[in-house]
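Here's the structure, in structure tokens; my notes come after.
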Amino acid sequence: MGYTATDNPGTAKRPYLGWWRTTSLAPCMVVLIAPCGAQELDAVRDGSVAVTRGNADDSTVPNRGAVVINETDLPVDHWGNDRFELHTDNNAPGIEDGTVTATVSFSGGCARHRFTLVANRRFTVSDPVQIDVSLAHEANDDRCEAYLTETYEFDLAPIGMRYRQVFGRSEGVIRIRLLGPEPSGSFTDLMYTF
1030 MGYTATDNPG TAKRPYLGWW RTTSLAPCMV VLIAPCGAQE LDAVRDGSVA VTRGNADDST
1090 VPNRGAVVIN ETDLPVDHWG NDRFELHTDN NAPGIEDGTV TATVSFSGGC ARHRFTLVAN
1150 RRFTVSDPVQ IDVSLAHEAN DDRCEAYLTE TYEFDLAPIG MRYRQVFGRS EGVIRIRLLG
1210 PEPSGSFTDL MYTF
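As numbered in my numbering, the sequence shown has no gaps in its residue numbers, which increase by one up to the final residue, 1223.
Next up, the structure:
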């Protein structure tokens, strides 16, 4: 234990209790607690529309993925280019209540992974209108080799909002063409009614 210096030689020295005894811990606690929250705002970068996402702590609850409209025609790998497998069998992607649910498998286990649903900014005019979307995977340099399977949910509200901006209608049907991971060239058609 250290001691503080005193100006008066006859005064007893007081023990130095450390900076932490005189400093408020509230800012430190906020920093520690904030990353544990259920949702966080995904940063808007390069002109993309973003929505909230969170990482579920309970393995029975799907993870939340971000949805972005690619306003500046960036390559999809801007949001991540790590390998993954999109399940198309019993766990095929589907839409319910304006949310896409997709099951993916990937190598990792030591870092937080992010999946982003990247939507083209242009609709293909057809009946119903169509929009291409791709999944991007950011593994955050995870070098672990466990093969994980997780389910992610993506809120389609930004795509519905884009539809309203382009077509001026509050309700509609969109054929979402979910492109498989490169280089598969596969896709899954999903119908989004709102």
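Every residue gets a Cβ at the ideal spot worked out from N, C-alpha and C, and that includes glycine.
Residue i Cβ short of 7 angstroms to the ligand ATP heavy atom set
i        : result
Val-1154 : The ligand ATP is not part of the structure shown, which contains no ligands of any sort.
Range of the contiguous alpha helix (DSSP H) that encloses residue i
i        : result
Val-1195 : 1186-1196
Opening and closing residue of the beta strand (DSSP E) in which residue i lies
i        : result
His-1166 : 1158-1167
Ala-1121 : Premise fails: Ala-1121 is in no beta strand (DSSP E) and is neither H nor E.
Residue from the options with nearest C-alpha to residue i
i        : options                                : result
Gly-1123 : Pro-1210, Arg-1206, Arg-1172           : Arg-1206
Phe-1216 : Thr-1222, Leu-1208, Asn-1169           : Leu-1208
Val-1097 : Leu-1146, Phe-1113, Thr-1132, Asn-1119 : Leu-1146
Val-1162 : Ser-1155, Arg-1150, Cys-1173           : Arg-1150
Leu-1219 : Asn-1119, Thr-1180, Val-1195, Glu-1125 : Glu-1125
Cβ distance (whole Å) where residue i is taken to contact residue j below 8 angstroms
i        : j        : result
Ala-1140 : Asn-1110 : At roughly 15 angstroms, the Cβ-Cβ gap does not stay under 8 angstroms, so Ala-1140 and Asn-1110 are not in contact.
Thr-1153 : Pro-1091 : Contact doesn't hold; Cβ gap of about 29 angstroms is too wide.
Per-residue DSSP class, three states only, for residue i
i        : result
Asp-1111 : coil
Val-1105 : helix
Gly-1137 : strand
Phe-1183 : strand
Arg-1172 : coil
Phe-1152 : coil
Tyr-1221 : strand
Within 8 angstroms, strictly: CB atoms of residue i and residue j
i        : j        : result
Glu-1114 : His-1142 : no
Asn-1309 : Ala-1165 : Given that the chain is displayed from residue 1030 to residue 1223, the structure contains no residue 1309 and the question cannot be resolved.
Gly-1137 : Ala-1175 : yes
Gly-1201 : Phe-1183 : no
Arg-1112 : Phe-1135 : yes
Val-1133 : His-1107 : no
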